[in-house]
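Under my numbering, the first residue of the sequence shown carries the number 849, and numbering increases by one thereafter.
Below: the structure, in structure tokens.
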Amino acid sequence: MAWFHFCTANHNRIGRSTLTDMADWFDAGLSELGHRVTFSDNLVETGAVNIFWERFRPGMGEAIASSGIIFGIVATEIPDGYAFNFREEPEWKVRFDSFHEVAKRASFIWTMIESTLPFYSQFCPSAYMELGFSEFLIPRYLNERPEHDFSFFGLRTPHREAVVERLRKHANVLWPENFLSPEQVGELIGKSKIGLSFKQSAQWPIPSPTRLGRLLMAKRGVAAEHVPVATRQGELAGICPESSDYTKYALALLNSDWKGSADKAFESYRTQMPMRDIMERILDCTVQSQPSKSSSSDIGKVDMARMLEDPPLLIDTIGTFNIVYFRDKFIGVPQALGPLDLSTYDLSTLPYIFDTRSEIDAALGKAANRQRGF
């Protein structure tokens, strides 16, 4: 059996939190096949098959190559020819070009979106990864008498807020403000009858595989927004028809035998999409020659955190301060200090360091008002 090691050194704290669900599925599928699975926020293992989730910056390809490791990539983005996800901001073009640097050195790519296979296959052996059923992923917390009609966990967007507002006129909807841990997601789902599922953007082609998987495994109803490609999960859970109003569709599900439908969908998921079989197929397509077990002298750890660290990113200016995003923090850097190398500078001496953009905006806004005498 092989050793698979997942490393998130190329992600920040918020990015890592969004990968937890996928990590659980990969862990389940590989473990069911008897493979060893480990995870790290900063280390790669020279004796393992290392795996990164896509999010690369310039120079990361060379840094990863210099470690001498065997590695693959989990791809979650849609390449559009110019960048990813039909985004036109400069940082997305940088990510797209940086992906090429890393992918040409990779041993394999697992993509979460089937239509992207032709693009990813140009770099190395690639396969479409589905998220199937595993006994390891059945939630521990299930309320047999859920008190909430609908629930949703995910980023807030104007589109999603508008739909939820319409639903709240007829039913109660639980939607936490913050990111949730897997345990908290399980509790949220368990408290509700039907889980809502929205697209990431207007052009997004598939329903969320992690969201549908969690809902199917918990035997909960699913109200999924229409997408061009239903996926096998979507066909089992059900997708809103293109011609139907989504709000009316969700309310109709709530007033139907949602529990009976959820039980049938669970059984179909269990028999038609076992994660063990999916992972075995993926490995056959992409990791054909498993690395032999290394001797103890060949096995070692390489700290990738510094090698793959994002450079400081200037995101805005308020008053006499530059707002810089660096090491998961929003930092107010006085312009009077001139050019700074934040990687070596004593950050504790800077007056404004916050976890969120709203906090630093508020603090620097007050500082600017004081300087103007308000």
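Heads up, the beta-carbon is just placed ideally off N, CA and C, and yes, glycines get one too.
| Asked | Found |
| --- | --- |
| Count the other CB atoms within 10 Å of the CB of residue 1042; is the residue buried (16 or more) or exposed (fewer)? | buried |
| Round the Cβ separation of residue 1110 and residue 1067 to the nearest angstrom and send it over; I've been treating them as touching at under 8 Å. | 5 Å |
| Report back the beta-carbon spacing between residue 974 and residue 965 to the nearest angstrom; my notes put them in contact at under 8 Å. | 6 Å |
| Using alpha carbons as the reference points, say which of 1215, 1116, 904 lies closest to residue 1153. | 904 |
| For residue 898, which of helix, strand or coil comes out of DSSP? | strand |
| From the DSSP output, read off the bridge partner residues of residue 1177. | 1174 |
| In or out: residue 1090 buried (at least 16 other Cβ within 10 Å) or exposed? | exposed |
| Taking 7 Å as the threshold (C-beta atoms), are residue 1039 and residue 994 in contact? | yes |
| Please report the straight-line C-alpha distance between residue 897 and residue 863, rounded to a whole angstrom. | 22 Å |
| Assign residue 1163 to one of two classes, buried (16 or more other C-beta atoms within 10 Å of its C-beta) or exposed (fewer than that). | exposed |
| Where residue 1171 and residue 884 are concerned, what is the direct C-alpha to C-alpha distance, given to the nearest angstrom? | 42 Å |
| Alpha carbon to alpha carbon, how far is residue 1003 from residue 871? Give it in angstroms, no decimals. | 19 Å |
| For residue 971, which residues from the same chain have a beta carbon less than 6 Å from its beta carbon, with the 5 sequence-adjacent residues on both sides left out? | 951, 952 |
| Leaving out five residues before and five after residue 1079 in sequence, what residues of the same chain have Cβ atoms less than 6 Å from its Cβ? | 1054 |
| Spatial neighbours of residue 868 within its chain, please: C-beta separation below 8 Å, excluding the five flanking residues on both sides. | 1029, 1030 |
| Going by C-alpha to C-alpha distance, which of 999, 1175, 934, 1215 sits closest to residue 1099? | 999 |
| Along the chain, where does the beta strand (DSSP E) that runs through residue 959 open and close? | 956–959 |
| Taking the alpha carbon of residue 919 as the reference point, which residue from 888, 936, 893 has its own alpha carbon closest? | 893 |
| Between which two residues does the alpha helix (DSSP H) containing residue 1013 stretch? | 1006–1015 |
| Using only the alpha-carbon positions, how far apart do residue 1217 and residue 1210 sit? | 11 Å |
| Would you mind stating whether residue 1183 and residue 1204 have Cβ atoms separated by less than 7 Å? | no |
| CA-CA distance, residue 967 and residue 992? | 45 Å |
| Looking at the unbroken alpha helix (DSSP H) that takes in residue 998, where does it start and where does it end? | No alpha helix (DSSP H) holds residue 998; the beta strand (DSSP E) holding it covers 996–999. |
| In chain order, what residues of the same chain have a beta carbon less than 7 Å from the beta carbon of residue 1181, not counting five sequence neighbours either side? | 1169, 1170, 1172, 1188, 1198 |
| Please confirm whether residue 1117 and residue 981 have their CB atoms less than 7 Å apart. | yes |
| Looking at residue 1123: is its Cβ nearer than 7 Å to the Cβ of residue 877? | yes |
| So residue 1015 and residue 1095 are supposed to be a Cβ contact under 8 Å. How far apart are they, rounded? | 6 Å |
| For residue 977, I'd like the list of residues in its chain whose CB is within less than 7 Å of its CB, leaving aside the five on either flank, ordered along the chain. | 958, 959, 960, 1130 |
| Compute the Euclidean distance between the alpha carbons of residue 855 and residue 900, then round it to the nearest angstrom. | 5 Å |
| Just to confirm the assignment, what range does the beta strand (DSSP E) spanning residue 1045 have? | 1040–1045 |
| With DSSP run on the structure shown, which of helix, strand or coil describes residue 1096? | helix |
| To the nearest angstrom, how far is the alpha carbon of residue 1082 from that of residue 1036? | 21 Å |
| Does DSSP put residue 1108 in a helix, a strand or coil? | helix |
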